[in-house]
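Enquirer: I have a structure I would like to understand better, so I am pasting it below and will then ask my questions one at a time.
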């Protein structure tokens, strides 16, 4: 199995790499893990992870700067249906639009827009960013949530959220003033709003579950 | 529900932790990597390293430590001390730090927070403020000090915190220099003042002596997180002790036991 972490200058690549490596060691699987933005690696990869920290517009602009990256991802993820995971802003940029700093086009893989939390938080006296450990409201059975319970907590840090158009694309929410999509999915495409690489054992468990999907 | 965070802080000098640490199960008590792993296993919600190295030569060892911690601890890691420009932040983030805390350098170079949050995102920029009580000369009753409390400025703590938030800091690490080291409890007054006025999270620091001190600053001080050093290092209380006390008062915690 060849797992590729897309390198487009996101700051947390190393943490993502470390946590996937740890997960794979725990699973005793034969694997190849690589960090790269080479288009030939995307062609060869079985599973693709897109990390992300910072702002929507910075991230998508960096991705668009790499010649052919968006087109190659579109082909291998949307058309060829390779298993894909976007993390935090790496998930948010799957939307149609983001409104962080300026209105920016996303990849439009999952319908919805990325909007500021602050319009919902002010009246409730809640801090922004939504920063720290929160649990998932699990109400659906999904292989991704094997061995994950309401007691498992995940590390979130974000000021914007993915306002998803179709409820069927939400696997589970987290509660912070409003219901915030925490795990989203459409076919072979998955997104985590939290950082599995920073969520202790719970994060490693969910990464393991994702890597087990085929 | 979002949990309140409990954060142990380790002082690092020339690649070694300073202030004695009393854990029996550590192979090397002065090794920050060993200690970080132990705190990770014991339920810390984040780990904070404060580098107190004076020279660049001593500081170099830090990158290696950060990268070793990032290989074995899958929780957020904040590193502070000696950060003067974006290049320093870049190196720490590349090594595996998730956030950096900026203290004195922000006072001398007010653009730093702005530039840093622009380049790396607010989520990884923590503005550390050392607050010194001065009721007569400052509106908030506290002024900003630098160099570990040794030097005072003419800046009001509340104004400074508001400016930091405006410039893109994602979090405030607020240390009361009057409470620090006393073990008599956190400074509720300044914590509450800053937390009420700002919309970003505030980490309370300085003065923790027992678990109930954490409960008080989270409830009355409205803090989002508590940071402590010696009560954990010397083994007086564990992170679990603190979280269990918090639970008694219905404060949401991440259960790790």
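Protein chains in written order, with my numbering: chain A, 1 to 214; chain B, 1001 to 1257. Ideal Cβ placement from N, Cα and C applies to all residues, glycine included.
Between the C-alpha atoms of residue 216(A) and residue 1007(B), what's the straight-line distance to the nearest angstrom?
Expert: Summary: the structure shown does not reach residue 216(A), with chain A confined to residues 1 through 214, and so no result is reported for it.
Enquirer: In whole angstroms, what separates the C-alpha of residue 87(A) from that of residue 1152(B)?
Expert: Mapped onto the first chain, residue 87(A) falls at position 87. Mapped onto the second chain, residue 1152(B) falls at position 152. Rounded to whole angstroms, residue 87(A) to residue 1152(B) spans 42 Å at the Cα level.
Enquirer: Determine, using beta carbons only, whether residue 183(A) and residue 190(A) come nearer to each other than 9 Å.
Expert: The sequence position of residue 183(A) within the first chain is 183, counting from 1. The sequence position of residue 190(A) within the first chain is 190, counting from 1. Contact: yes.
Enquirer: Answer yes or no: does any C-beta atom of chain A fall closer than 9 Å to that of residue 1254(B)?
Expert: Stepping through the second chain from its first residue, residue 1254(B) is reached at position 254. So yes, residue 1254(B) belongs to the interface.
Enquirer: Could you check whether residue 1125(B) and residue 1143(B) sit closer than 9 Å to each other, using their CB atoms as the reference points?
Expert: The sequence position of residue 1143(B) within the second chain is 143, counting from 1. The sequence position of residue 1125(B) within the second chain is 125, counting from 1. Going by C-beta atoms, residue 1143(B) is not nearer than 9 Å to residue 1125(B).
Enquirer: Looking at the structure shown, is residue 1227(B) part of a helix, part of a strand, or coil, going by DSSP?
Expert: Residue mapping note: residue 1227(B) aligns to position 227 of the second chain, counting from 1. Correct three-state label for residue 1227(B): strand.
Enquirer: Report the residues of the stretch 1060 to 1076 of chain B with a CB closer than 7 Å to any CB of chain A, ordered along the chain.
Expert: If the cut-off is 7 Å between Cβ atoms, the stretch 1060 to 1076 of chain B has 1070, 1071, 1074, 1075, 1076 near chain A.
Enquirer: Using C-beta distances below 6 Å, list every residue in its chain close to residue 212(A), excluding the 5 sequence neighbours before and after it, in chain order.
Expert: Translated into the one-based positions of the first chain, residue 212(A) becomes position 212. Excluding residues within five positions, none has a Cβ falling inside 6 Å.
Enquirer: Is residue 1193(B) close to chain A? Criterion is C-beta to C-beta, closer than 9 Å.
Expert: As a working mapping, residue 1193(B) is identified with position 193 in the second chain. No, residue 1193(B) lies away from the interface with chain A (no Cβ there is under 9 Å from its Cβ).
Enquirer: Mapping DSSP to helix, strand and coil, what is residue 1020(B)?
Expert: Here residue 1020(B) is taken as the residue at index 20 of the second chain, counted from 1. Interpretation of residue 1020(B) is limited by its pLDDT of 47, a score under 50 that renders its predicted location unreliable; the figure taken from the coordinates is listed afterwards. Three-state result, residue 1020(B): coil.
Enquirer: Cβ closer than 7 Å: which chain B residues qualify as neighbours of residue 153(A)?
Expert: Locating residue 153(A) in the first chain gives position 153, counting from the first residue. Correct list: 1003, 1254.
Enquirer: Put residue 133(A) into one of helix, strand or coil per three-state DSSP.
Expert: In the first chain, the residue the question calls residue 133(A) occupies position 133. Three-state DSSP puts residue 133(A) in a strand.
Enquirer: Got a sec: does the ligand NAD put a non-hydrogen atom nearer than 8 Å to the Cβ of residue 1040(B)?
Expert: As far as ligands go, the structure on display features none, and thus does not contain the ligand NAD.
Enquirer: Mapping DSSP to helix, strand and coil, what is residue 1055(B)?
Expert: Residue numbering aside, residue 1055(B) sits at position 55 when the second chain is read from its first letter. If DSSP states are grouped into helix, strand and coil, residue 1055(B) belongs with coil.
Enquirer: Where do the N-terminal and C-terminal ends of the beta strand (DSSP E) with residue 48(A) fall, by residue?
Expert: Within the first chain, numbered from 1, the residue matching residue 48(A) stands at position 48. 47 to 50 is the span of the beta strand (DSSP E), which, as asked, contains residue 48(A).
Enquirer: Looking at C-alpha atoms only, which residue of 1162(B), 1196(B), 1166(B), 1210(B) is the closest neighbour of residue 1181(B)?
Expert: As a working note, residue 1181(B) is residue 181 in the second chain. When each option's Cα is compared against that of residue 1181(B), the closest is 1210(B).
Enquirer: Does the beta carbon of residue 1020(B) come closer than 9 Å to any beta carbon on chain A?
Expert: In the second chain, residue 1020(B) corresponds to position 20, counting from 1. Bear in mind that a pLDDT of 47 at residue 1020(B), under 50, signals an unreliable position, so the number given afterwards is only what the model happens to contain. For residue 1020(B), the answer is no, since every Cβ of chain A falls outside 9 Å of its Cβ.
Enquirer: Under a CB-based cut-off of 9 Å, is residue 91(A) close to chain B?
Expert: Residue numbering aside, residue 91(A) sits at position 91 when the first chain is read from its first letter. No, its Cβ sits nowhere closer than 9 Å to a Cβ of chain B.
Enquirer: Using C-beta distances below 6 Å, list every residue in its chain close to residue 1084(B), excluding the 5 sequence neighbours before and after it, in chain order.
Expert: Within the second chain, the letter at position 84 stands for residue 1084(B). Result list for residue 1084(B): 1105, in chain order.
Enquirer: In chain B, which residues lie with their C-beta within 8 Å of the C-beta of residue 197(A)?
Expert: Within the first chain, the letter at position 197 stands for residue 197(A). By Cβ distance, chain B contributes 1074.
Enquirer: Output the residue ranges of the alpha helix (DSSP H) runs that lie fully inside the stretch 1122 to 1173 of chain B and measure 4 residues or longer, sorted by chain position.
Expert: The stretch 1122 to 1173 of chain B contains these whole alpha helix (DSSP H) runs: 1157 to 1166.
Enquirer: Measuring only between beta-carbons, confirm whether residue 133(A) sits less than 9 Å from chain B.
Expert: Here residue 133(A) refers to the residue found at position 133 of the first chain. Yes, contact with chain B.
Enquirer: What residue does the beta strand (DSSP E) around residue 126(A) start on, and which one ends it?
Expert: Counted from its first residue, the first chain places residue 126(A) at position 126. Premise fails: residue 126(A) is in no beta strand (DSSP E) and is neither H nor E.
Enquirer: Can you have a look at residue 1139(B) and say buried or exposed, based on whether 16 or more other CB atoms are within 10 angstroms of its CB?
Expert: Here residue 1139(B) corresponds to residue number 139 of the second chain, with the count starting at 1. By the 10 Å Cβ count, residue 1139(B) comes out exposed.
Enquirer: Just the C-alpha distance for residue 1207(B) and residue 121(A), rounded to the nearest angstrom, thanks.
Expert: Here the question's residue 1207(B) lines up with position 207 in the second chain. Here the question's residue 121(A) lines up with position 121 in the first chain. Approximately 31 Å, taken between the alpha carbons.
Enquirer: To which residues does DSSP link residue 116(A) through a beta bridge?
Expert: Reading the first chain from its first residue, position 116 is the one you call residue 116(A). Paired residues: 160(A).
Enquirer: Rounded to a whole number of angstroms, what is the C-alpha to C-alpha distance between residue 236(A) and residue 1248(B)?
Expert: This structure gives no information on residue 236(A), because the portion of chain A shown stretches from 1 to 214.
Enquirer: Locate the beta strand (DSSP E) running through residue 58(A), then write down its first and last residues.
Expert: Taking the first chain and counting its residues from 1, the one referred to as residue 58(A) is at position 58. No beta strand (DSSP E) holds residue 58(A); the alpha helix (DSSP H) holding it covers 56 to 65.
Enquirer: Distance, Cα to Cα, residue 1157(B) vs residue 1110(B)?
Expert: In the second chain, residue 1157(B) corresponds to position 157, counting from 1. In the second chain, residue 1110(B) corresponds to position 110, counting from 1. Straight-line Cα distance between these residues: approximately 14 Å.
Enquirer: Note down the Cα distance separating residue 152(A) from residue 142(A), rounded to an integer number of angstroms.
Expert: By 1-based counting over the first chain, the position of residue 152(A) is 152. By 1-based counting over the first chain, the position of residue 142(A) is 142. When rounded, the distance between both Cα atoms is 16 Å.
Enquirer: At least one CB of chain B closer than 9 Å to the CB of residue 94(A): is that the case?
Expert: Locating residue 94(A) in the first chain gives position 94, counting from the first residue. No - not a single Cβ of chain B is within 9 Å of the one on residue 94(A).
Enquirer: Any beta-carbon of chain A closer than 9 Å to the one on residue 1124(B)?
Expert: Along the second chain, read from residue 1 onward, the residue named residue 1124(B) stands at position 124. At least one chain A Cβ lies under 9 Å of residue 1124(B).
Enquirer: When you check each C-beta in the stretch 1186 to 1214 of chain B against every C-beta of chain A, which residues fall closer than 7 Å?
Expert: Within the stretch 1186 to 1214 of chain B, the qualifying residues are 1199, 1200, 1201.
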